[in-house]
Amino acid sequence: MAPPNSALMSDLVSGATHVPSQFVRPEHDRPNLDQVIQSPDMSIPLIDLQDFDGSRRSEIIKQIGLACQDYGFFQVKNHGIDEAVIDNLLAVAKEFFHLPESERMKVYSEDPYKTIRLSTSFNVRVEEVSCWRDYLRLHCHPLEDYIHEWPANPPSFREDVAKYCKKVRGLAVRLLQGISESLGLERDYINKALAKHGQHMAINYYPPCPQPELTYGLPGHTDPNVVTLLLQDDVGGLQVLKGGKWVAVKPIPHTFIFNLGDQMQVLSNDRYKSILHRAVVNSDKERISIPTFYCPSYDAVIKPAPKLVDDDHPALYRSFTYGEFYGNFWDKGIDKKSGTSLGMFKTN
Ligand code: OGA
Ligand code: NI
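First residue of the sequence shown: 908, per our numbering; consecutive thereafter.
Dropping the structure here:
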């Protein structure tokens, strides 16, 4: 075992046969893994994006609208991103987390405002129980502002991650156009509302856990941004809350999981909701998941779309800058069991 003062949990717990006390959740807040719905029929919809920019556009927009309304989550296939780009990203991500601790620690930081940092759990400055996770967080747009800060080891890291980031940004912009249309808004309404746009990536690393029933990779939370495009490896661990029950999302290789974040709930004036989800760990295998958090720039002013506000549907949120929201999100910690961080922005 590594010395007990290791900052990163994967080094701290390597070879452990029990979950150390700082990761053990109180009894009322455990994953209850035997109650999770595993049936793929009950899982989130899978949408085929073939001909999205052509003959199938209106059909696909209908599917997107229903998925956003009923689940807040869906998967996409035939999204146009090469399998090799995805495979290279997953491989280099794993390689990074297998580097010696001293090499990884070069980018360690507990400051959520750093534009590149390796950290552990969620926000160690504010939380009581730790999450079974290490993560590398990178800002990715505009690429040329950030790429020089990224790890230079593994040697192909910057190239593999940059290729992926550009492709995923294109997909996010297309899907946001589809979501705008599904709400009856102009195609570019949401993309314009994000001002200069922001794109952050996390590479989540969940080591195997000797007692997965006692802890979380990430407890139930909503994402603070507009939409998230999650790539996961073939291990599985993501669960989504649907009708009060946790539903497992079984990995389908080379698909993306797409979910709505808190800013989408505001822009749509609650027509679409930001949905609770969590990551559980397992005793056999390490797991990598790579969410791209697509966001407004910090100076973007977020408010319900005027077209979705009328006498019957008053504005449910005041306007605020994304910068204001985002600081509040990190300060509060991730354990917000009942939902989003939107409380202080509600009009009543
Ligand atoms: C996240 C997240 C889920 C997963 O990083 O916000 O929800 O499966 N991750 O790792
Ligand atoms: Ni999330």
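All C-beta atoms in this analysis are idealised placements derived from N, C-alpha and C, irrespective of residue type, glycine included.
Consult DSSP for residue i and reduce its assignment to one of helix, strand or coil.
{"i": "Cys-1202", "result": "strand"}
{"i": "Lys-1152", "result": "strand"}
{"i": "Asp-918", "result": "helix"}
{"i": "Tyr-1015", "result": "strand"}
{"i": "Phe-1163", "result": "strand"}
{"i": "Val-1134", "result": "strand"}
{"i": "Gln-1170", "result": "helix"}
{"i": "Asp-936", "result": "helix"}
{"i": "Val-1208", "result": "strand"}
{"i": "Asp-955", "result": "strand"}
{"i": "Lys-1103", "result": "coil"}
{"i": "Asp-1217", "result": "strand"}
{"i": "Lys-1253", "result": "strand"}
{"i": "Tyr-1096", "result": "helix"}
{"i": "Ala-889", "result": "Residue numbering for the chain in the displayed model covers 908 to 1255; residue 889 lies beyond these limits and cannot be assessed."}
{"i": "Ser-913", "result": "coil"}
{"i": "Trp-1057", "result": "coil"}
{"i": "Tyr-1179", "result": "coil"}
Using 10 angstroms around the beta-carbon of residue i, count the other beta-carbons present and answer buried if the total reaches 16, otherwise exposed.
{"i": "Pro-1114", "result": "buried"}
{"i": "Ala-1207", "result": "buried"}
{"i": "Asn-939", "result": "exposed"}
{"i": "Met-1171", "result": "buried"}
{"i": "Lys-1149", "result": "buried"}
{"i": "Asp-960", "result": "exposed"}
{"i": "Val-943", "result": "exposed"}
{"i": "Asp-1219", "result": "exposed"}
{"i": "Ala-1059", "result": "exposed"}
{"i": "His-1046", "result": "buried"}
{"i": "Asp-989", "result": "exposed"}
{"i": "His-1128", "result": "buried"}
{"i": "Ser-1226", "result": "exposed"}
{"i": "Pro-1198", "result": "buried"}
{"i": "Asp-1052", "result": "exposed"}
Provide the residue span of the alpha helix (DSSP H) that contains residue i, from first to last.
{"i": "Arg-1081", "result": "1064–1089"}
{"i": "Tyr-1053", "result": "1050–1053"}
{"i": "Leu-1223", "result": "Per DSSP, Leu-1223 belongs to no alpha helix (DSSP H) and is neither H nor E."}
{"i": "Ser-1175", "result": "Counting along the chain, Ser-1175 falls outside any alpha helix (DSSP H), and DSSP gives it neither H nor E."}
{"i": "Asp-960", "result": "Where Asp-960 is concerned, there is no enclosing alpha helix (DSSP H), given that its DSSP letter is neither H nor E."}
{"i": "Asn-995", "result": "990–1004"}
The beta strand (DSSP E) with residue i in it runs from where to where?
{"i": "Phe-980", "result": "980–984"}
{"i": "Ser-876", "result": "The shown model of the chain, from 908 to 1255, leaves out residue 876, and the question about it has no answer."}
{"i": "Ile-951", "result": "No beta strand (DSSP E) contains Ile-951, which DSSP labels as neither H nor E."}
{"i": "Leu-1125", "result": "1125–1128"}
Ligand 1 heavy atoms versus the CB of residue i: any closer than 7 Å?
{"i": "Gln-1139", "result": "yes"}
{"i": "Pro-1198", "result": "yes"}
{"i": "Asp-1130", "result": "yes"}
{"i": "Arg-1125", "result": "Note that residue 1125 is Leu in the sequence shown, not Arg. Yes; taking the cut-off as 7 Å, the Cβ of Leu-1125 has a heavy atom of ligand 1 nearer than that."}
{"i": "Gly-1150", "result": "no"}
{"i": "Leu-1145", "result": "yes"}
{"i": "Asn-1111", "result": "yes"}
So who's on the other strand from residue i, going by DSSP bridges?
{"i": "Arg-1185", "result": "Gln-1146"}
{"i": "Arg-1194", "result": "Tyr-1113"}
{"i": "Met-1108", "result": "Leu-1045 and Thr-1199"}
{"i": "Val-1036", "result": "According to DSSP, which records beta bridges pairwise, Val-1036 is partnered with nothing at all."}
{"i": "Ile-944", "result": "Val-1154"}
{"i": "Gln-1118", "result": "DSSP, once it has assigned bridges, lists no residue as partnering Gln-1118."}
{"i": "Gln-1139", "result": "Ser-1196"}
{"i": "Phe-1227", "result": "Ile-1209"}
Would you say residue i touches ligand 2, meaning its beta carbon is less than 7 Å from a heavy atom?
{"i": "Asp-918", "result": "no"}
{"i": "Asp-1041", "result": "no"}
{"i": "His-1184", "result": "yes"}
{"i": "Thr-1135", "result": "yes"}
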